[in-house]
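Written out below as structure tokens is the structure these notes cover.
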Amino acid sequence: MSSAEPLSVAPAVTRPATTESAIVRVLLIAVAVGFVALFLILPLVAIFAQAFERGIPAYLRAICDPEALAAIRLTLWTAALVVPLNALFGLAAAWAIGKFTFRGRSVLITLIDLPFAVSPVIAGMVFVLLFGQRGWLGPFLQAHDIRIIFAMPGVVLATLFVTCPLVARELIPLMEAQGTEEEQAAAVLGARGWQTFLRVTLPNSRWGLLYGLVLCNARAMGEFGAVSVVSGHIRGVTNTMTLHIELLYNEYNTTGAFAVASLLALLSLVTLGAKSVLEWKAPRPRPGIRRRQRQQP
Amino acid sequence: MSWTGKRQPRVLPGFGLFLGLTLTYLSLVVLIPLLALVIKALAISPQRLWQAATAPQALASYRLSFGASLTAAAVNVVFGGILAWVLVRYRFPLRRLIDALVDLPFALPTAVAGITLTSLYSTNGWIGRYLARLDIEVAYTPLGVVVALTFVGLPFVVRTLQPVLEDLDSEIEEAAASLGAGRWQTIRRVILPELWPALATGFALAFARAVGEYGSVVFISGNKPFRTEITPQLIYAKLEMYDYAGATALAAVMLGASFALLLTINGLQRWAARRQAAFGD
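Chains as they are written, first to last, in the working numbering: chain A, 3 to 299; chain B, 3 to 283.
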């Protein structure tokens with residue numbers, strides 16, 4: 003049985019190349035492209051195909067429906083409130099964490115990442131426990147006629163929670179990799195803190211900031227689970243775009259659901275485009291490289 | 003200005019102010035709300051908590067949530083691994099476009115992904131109708147949950163693996179080849195060992211994301227109790243019935259799992275970074 007084996011060893015040495023044979027290469031590319039086509043391209047095509055299934059007039063009617071417009075307005079307002087707040091948080095966190103070393107630094111980074119580890123449903127639920135009718139502050143809020151849950155503030159709070167890490171996560175590694183030399187130079191030359199920040203740090207990290215803003219905006223406009231728990235699904239009042247899509251879909255209004263969905267799909271395509279451009283403009287620092295730079299005295 | 007640090011003087015201002023702002027904001031938006039959940043869980047009697055957390059319907063939902071997430075993460079390790087390899091190593095038409103598309107599951111709202119996958123895989127959908135002929139049902143079955151979670155987790159494995167593959171030193175491969183190793187031997191003995199940390203990290207990231215996922219799953223799963231109901235959906239149902247204690251018990255289980263995963267991922271990432279730094283150059 004094994005006596006014939008040694009003979010077959012010889013041909014293996016004839017191709018010592020550091021790449022696979024052409025057949026294997028083509029096969030792997032086919033598998034990869036097939037996977038992408040099935041899981042990414044086909045769904046994307048399906049969204050637009052179903053949105054325009056009944057023609058352009060039906061599409062426009064679905065989008066110009068008063069409830070759809072109300073949902074779009076709420077989504078835009080939510081993003082307009084959430085993105086700047088999280089951007090300011092991201093800048094503050096990146097300055098403190100990226101430019102300084104202190105005890106508990108890595109714990110703080112982990113804490114900032116927390117919202118990513120928490121299910122969106124739980125993210126919405128914590129605000130129901132706090133502000134809901136039977137929540138901790140429920141009686142107080144009711145006595146003062148303040149509505150948070152099943153109203154816009156709840157939607158904003160849940161979205162804030164979910165998107166909180168996005169800008170910070172982009173800026174922290176960036177500011178860390180940039181180090182503090184330029185800022186120190188500015189300080190030595192007599193620049194004040196705010197001047198240093200506005201003239202040196204901010205311009206240096208502008209692409210990272212923009213990238214964080216784009217990601218934060220996409221997530222804020224597309225958030226579903228957390229918002230779903232706190233919104234109460236009041237038509238035309240507390241329904242965001244994603245909740246409106248759910249409503250239409252459950253009512254078997256497929257064209258309407260996909261028409262609104264196509265707007266969000268378009269937003270995600272713009273986000274991907276912006277991401278590609280920004281990555282090409284300013285390559286993101288890699289963990290391995292960062293580590294080395296920080297060890298320098 | 004301020005000498006807060008023990009070892010080095012701080013030339014840059016604003017540390018105290020910005021750290022204070024960061025901590026305040028993070029506490030208000032994230033930490034205090036999460037603490038409310040923990041306090042709520044502690045206020046419920048342990049018996050009640052245990053009862054709610056181990057009810058048959060809850061157990062069935064954990065099985066589905068964790069089982070489907072593991073399966074989806076495994077699928078992503080295999081196909082995401084191939085995809086990352088192909089994107090880094092080979093040149094072919096539309097490569098850049100495919101590379102950019104990999105992030106689609108990050109960018110596409112989960113609800114949109116949910117209704118789209120459901121319509122694709124339902125028995126009269128573009129894909130579902132062909133699978134129906136083979137007697138394979140995807141929508142409204144556990145398999146549908148796996149499909150949705152695979153979609154959601156896809157970028158994690160690819161994006162974790164890509165930088166590691168790019169940094170892989172080709173000299174080691176050349177050395178292996180010149181010492182007489184076949185290509186398969188080189189891959190198995192030289193390349194794969196260097197990829198393990200990244201593969202494990204990608205797997206854990208995809209798994210962690212999948213366990214908590216809600217939007218893309220609720221449409222395709224059909225939410226049949228005991229069969230296709232994931233844990234987040236069960237929490238949602240309990241909240242709608244004002245069963246806060248039951249919801250809190252389930253949320254506590256999920257939070258525990260999430261924290262364990264977060265710590266695991268941190269550990270894995272440190273391992274991967276160490277590996278990369280050691281082999282980098």
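Here a beta-carbon is modelled for each residue, glycine too, at the ideal position from N, C-alpha and C.
Every value quoted in this text rests on a predicted model; they were computed, and no experiment measured them.
Proximity below 8 Å, CB of residue i to CB of residue j
i, j, result
"E184/A", "N219/A", "no"
"Y123/B", "I129/B", "yes"
"V159/B", "G82/B", "yes"
"I222/B", "A134/B", "no"
"V272/A", "G126/A", "no"
"L236/B", "A200/B", "no"
"L85/B", "A34/A", "yes"
"A2/B", "L252/B", "Limits of chain B in this structure are 3 at one end and 283 at the other, which puts residue 2/B out of reach."
"F142/A", "G156/A", "no"
"E175/B", "I193/B", "yes"
"F104/A", "G234/A", "no"
"L131/A", "L37/B", "no"
Proximity to residue i [Cα-Cα], best of the options
i, options, result
"P15/B", "A189/A, P86/A, V109/A", "A189/A"
"C166/A", "P117/A, Q197/A, L30/A", "P117/A"
"L228/A", "K226/B, P234/B, F228/B", "The amino acid at residue 228/A is misidentified as Leu; the sequence shows Ala. It is P234/B."
"T143/B", "V220/B, R135/B, L30/B, A75/B", "V220/B"
"A1/A", "R27/A, A95/A, E281/A, I43/A", "There is no way to answer for residue 1/A, as the model of chain A reaches only from 3 to 299."
"L167/B", "Y64/B, P195/B, G69/B", "P195/B"
"A275/B", "L197/B, A251/B, V77/B", "L197/B"
"P175/A", "L191/A, A222/A, K101/A, Q52/A", "K101/A"
"G57/A", "A261/A, G275/A, L168/A, A276/A", "A261/A"
"N1/A", "A276/A, F199/A, V158/A", "In this structure chain A extends from 3 to 299, so residue 1/A is not present and cannot be described."
"A284/A", "L212/A, M243/A, Y251/A", "L212/A"
"V164/A", "A98/A, L191/A, L113/A", "L113/A"
"L42/A", "L151/B, V192/B, A54/B", "L151/B"
Straight-line Cα distance separating residue j from residue i
i, j, result
"I267/B", "A259/B", "12 Å"
"H246/A", "G238/A", "9 Å"
"P122/A", "S71/B", "16 Å"
"G290/A", "W138/A", "No answer about G290/A holds up, because its pLDDT of 42 lies below 50 and its placement is not dependable."
"Y246/B", "E225/A", "23 Å"
"I41/B", "L99/B", "48 Å"
"T257/A", "F50/A", "10 Å"
"E178/A", "P227/B", "48 Å"
"L119/B", "W87/B", "26 Å"
"L162/A", "T73/B", "31 Å"
"D115/A", "L21/B", "16 Å"
"F54/A", "Q197/A", "52 Å"
"G92/A", "S180/B", "50 Å"
"T203/B", "A76/B", "12 Å"
"P107/B", "P45/A", "11 Å"
"V304/A", "A115/B", "Here chain A has residues from 3 to 299 only, and residue 304/A is not among them."
"R65/B", "A57/B", "12 Å"
"I34/B", "L29/A", "52 Å"
"R194/A", "A160/A", "37 Å"
"P299/A", "T182/A", "Because the pLDDT at P299/A is just 32, under 50, the model does not fix this residue reliably, and the point stays unresolved."
For residue i, three-class secondary structure by DSSP
i, result
"S121/B", "helix"
"D147/A", "coil"
"T162/B", "helix"
"P18/A", "Per-residue confidence for P18/A stands at a pLDDT of 46, beneath the threshold of 50, marking its modelled position as unreliable; the derived number appears in the next sentence. Coil, per DSSP."
"Y61/A", "helix"
"D137/B", "coil"
"A284/A", "coil"
"T233/B", "helix"
"F17/B", "helix"
"P117/A", "helix"
"A193/A", "coil"
"R305/A", "Outside the shown range of chain A, which is 3 to 299, sits residue 305/A, and nothing can be said about it."
"P175/A", "helix"
"D101/B", "helix"
"L96/B", "coil"
"L264/B", "helix"
"T24/B", "helix"
*May I ask you to list, following chain order, the residues of the region 88-110 of chain B that have a beta carbon less than 7 Å from some beta carbon of chain A?*
V88, Y92, F94, I100, A102, L103, D105, L106, A109, L110
_Residues of the region 142-155 of chain B with Cβ closer than 8 Å to any Cβ of chain A, in chain order_ = T152, F153
_Along the region 157-186 of chain A, where does the CB come closer than 7 Å to a CB of chain B? Name the residues._
L162, F163, C166, T182, E185, Q186
_Contact list for the region 214-240 of chain B against chain A, Cβ threshold 9 Å_ = G214, E215, Y216, G217, S218, V220, F221, T233, P234, Q235, I237, Y238
_Beta carbons nearer than 7 Å to chain B: which residues of the region 116-147 of chain A have them?_
L116, P117, A119, V120, S121, P122, V123, I124, M127, V128, F129, V130, L131, L132, R136, W138
*Scan the region 106-139 of chain B for residues whose Cβ lies nearer than 9 Å to a Cβ of chain A and list them as they occur along the chain.*
L106, P107, F108, A109, L110, P111, T112, A113, V114, A115, G116, I117, T118, L119, T120, S121, L122, G127, W128, I129
*Residues in the region 217-229 of chain A with C-beta within 9 Å of chain B's C-beta atoms, listed in sequence order?*
L217, A220, R221, M223, G224, E225, F226, G227, A228
*Residues in the region 46-59 of chain A with C-beta within 8 Å of chain B's C-beta atoms, listed in sequence order?*
L46, A48, I49, Q52
*Determine which residues of the region 54-87 of chain B have a Cβ less than 9 Å from any Cβ of chain A, and write them out in chain order.*
F81, G82, I84, L85, A86, W87
*Would you list, in chain order, the members of the region 238-254 of chain A that have their beta-carbon closer than 7 Å to a beta-carbon of chain B?*
T244, I247, E248, Y251
*When Cβ atoms are compared, which residues of the region 179-211 of chain B fall closer than 7 Å to chain A?*
A179, S180, G182, G184, R185, A210
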